[in-house]
Amino acid sequence: MSYCKDYFHYQKRQSREVKIGSLLLGGSNPVRLQSMTNTSTLDTEGSIAQAQAIIEAGGDLVRLTAQGVKEAENLANIRQGLREKGYTTPLVADIHFNPKAAEAAACHVEKVRINPGNFADPMPAGVQSEDDVQTAIRARFVPFLNLCKEHQTAIRIGVNHGSLSARMMKRHGDTPQGMVASCMEYLRICIEEQFYNVVISIKASNTLVMVQTVRLLVQEMKKEGMDFPLHLGVTEAGDGEDGRIKSAVGIGALLADGIGDTIRVSLSEDPQVEVPVARQLRDYIARRENHAAIAAKA
1 MSYCKDYFHY QKRQSREVKI GSLLLGGSNP VRLQSMTNTS TLDTEGSIAQ AQAIIEAGGD
61 LVRLTAQGVK EAENLANIRQ GLREKGYTTP LVADIHFNPK AAEAAACHVE KVRINPGNFA
121 DPMPAGVQSE DDVQTAIRAR FVPFLNLCKE HQTAIRIGVN HGSLSARMMK RHGDTPQGMV
181 ASCMEYLRIC IEEQFYNVVI SIKASNTLVM VQTVRLLVQE MKKEGMDFPL HLGVTEAGDG
241 EDGRIKSAVG IGALLADGIG DTIRVSLSED PQVEVPVARQ LRDYIARREN HAAIAAKA
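According to our numbering, the stretch in the sequence shown is residues 1 to 298, in order.
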């Protein structure tokens with residue numbers, strides 16, 4: 001598997017630069033840090049306060065869940081409240097199952113995360129052939145991309161091990177290959193539509209699965225001439241020492257490969273606590289850049 005340039009001499013993977021509001025991610029920019037609020041997105045003041053805590057801890061991006069259109073619309077109030085306090089940090093809407101919520105969020109925040117496992121799937125009745133499947137996906141995904149173009153909104157195509165579509169499960173099983181295929185399906189549409197303001201992620205709670213899948217994705221993108229930046233994270237890492245170790249194993253292994261442009265350490269603790277842990281991981285790996293290779297003694 002070819003996923004990094006040199007196994008023995010650290011070199012960061014060269015990815016495409018993406019603009020998220022005023023923030024540049026990927027390319028030669030440092031690995032960006034982020035966390036996610038756990039408030040109700042309809043709780044405007046609570047969400048503003050938690051986002052503020054994440055930003056003051058050093059978060060470069062703040063993610064908020066938007067289960068429906070009401071929550072997506074309220075992101076405008078949260079964003080406005082933060083701007084009034086002097087914060088310009090980009091906000092990211094996290095969407096599952098609901099293309100309409102994704103479209104609403106694209107009008108209000110700098111980036112929207114969608115999950116290919118449930119954005120267009122399950123397929124409408126009668127859709128059987130591969131051509132029909134691709135037509136159905138495009139019917140939901142392309143209008144969203146056009147709205148993102150109009151509002152200069154970035155997207156993250158975020159695949160989760162635990163939420164692959166039944167279609168992908170039937171074809172590939174619960175495997176890294178299935179997760180990569182799910183991601184590549186949407187990336188090809190982005191390329192066809194000339195939409196390049198894209199970040200991607202593939203997450204799992206099992207660090208072995210997560211690391212193998214991301215490496216496989218990098219290899220498959222390279223084959224097709226893609227260089228999209230990657231967001232890294234371990235799903236439900238936990239809390240305390242266990243959560244930190246699990247994140248260090250998964251995220252750290254990929255950062256050591258030179259893979260990763262933004263990271264979130266997912267802990268079952270206050271969101272702002274995640275940022276210093278992510279910073280430690282990033283800074284530890286960054287110190288290896290331009291370091292001479294260490295030769296083994298004979």
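The C-beta atom is built at its ideal place from N, Cα and C for all residues, glycine as well.
Since the structure is predicted, the reported quantities are computational estimates derived from the model, not experimental observations.
| Check | Outcome |
| --- | --- |
| Report the CB separation of D261 from S15 in whole angstroms; it is logged as a contact under 8 angstroms. | 6 angstroms |
| Only counting runs of 4 or more residues, tell me where the alpha helix (DSSP H) segments fall wholly within the stretch 228 to 267, in order along the chain. | 240 to 256 |
| Looking at L42: is its Cβ nearer than 8 angstroms to the Cβ of V62? | no |
| Taking S47 as part of the alpha helix (DSSP H), name the residues at either end of that continuous run. | 44 to 56 |
| If I follow the unbroken alpha helix (DSSP H) through V62, where does it start and stop? | Here V62 belongs to no alpha helix (DSSP H); instead the beta strand (DSSP E) covers 61 to 65. |
| What distance in whole Å lies between the Cβ atoms of P271 and N77, which are believed to be in contact at a cut-off of 8 angstroms? | Contact flag wrong, Cβ pair sits at about 19 angstroms. |
| Could you pull out every residue in the same chain whose Cβ sits closer than 8 angstroms to the Cβ of H151, ignoring the five residues on either side in sequence? | A106, C107 |
| Mind checking which residues open and close the beta strand (DSSP E) that includes S35? | 32 to 36 |
| Find the nearest neighbour of R167 within the set G258, P124, V142, I259, judged by alpha-carbon distance. | P124 |
| Does the Cβ of S47 have 16 or more other Cβ atoms within 10 Å, making it buried, or fewer, making it exposed? | buried |
| Rounding to the nearest angstrom, what Cα-Cα distance links K222 and K85 in this structure? | 42 angstroms |
| With 16 as the cutoff for other CB atoms within 10 Å, does A60 come out buried or exposed? | Note that residue 60 is Asp in the sequence shown, not Ala. With 16 or more Cβ atoms within 10 Å of its Cβ, D60 is classed as buried. |
| Excluding the 5 residues preceding and the 5 following R138 in the sequence, name in chain order all residues of the same chain whose CB lies nearer than 7 angstroms to its CB. | I189 |
| Give the single residue among R215, R287, E269 whose Cα lies nearest to the Cα of Q177. | R215 |
| Please identify the residue among V180, A93, D121 whose C-alpha is closest to the C-alpha of S165. | D121 |
| By the DSSP assignment, the alpha helix (DSSP H) with N118 in it spans what residues? | Per DSSP, N118 belongs to no alpha helix (DSSP H) and is neither H nor E. |
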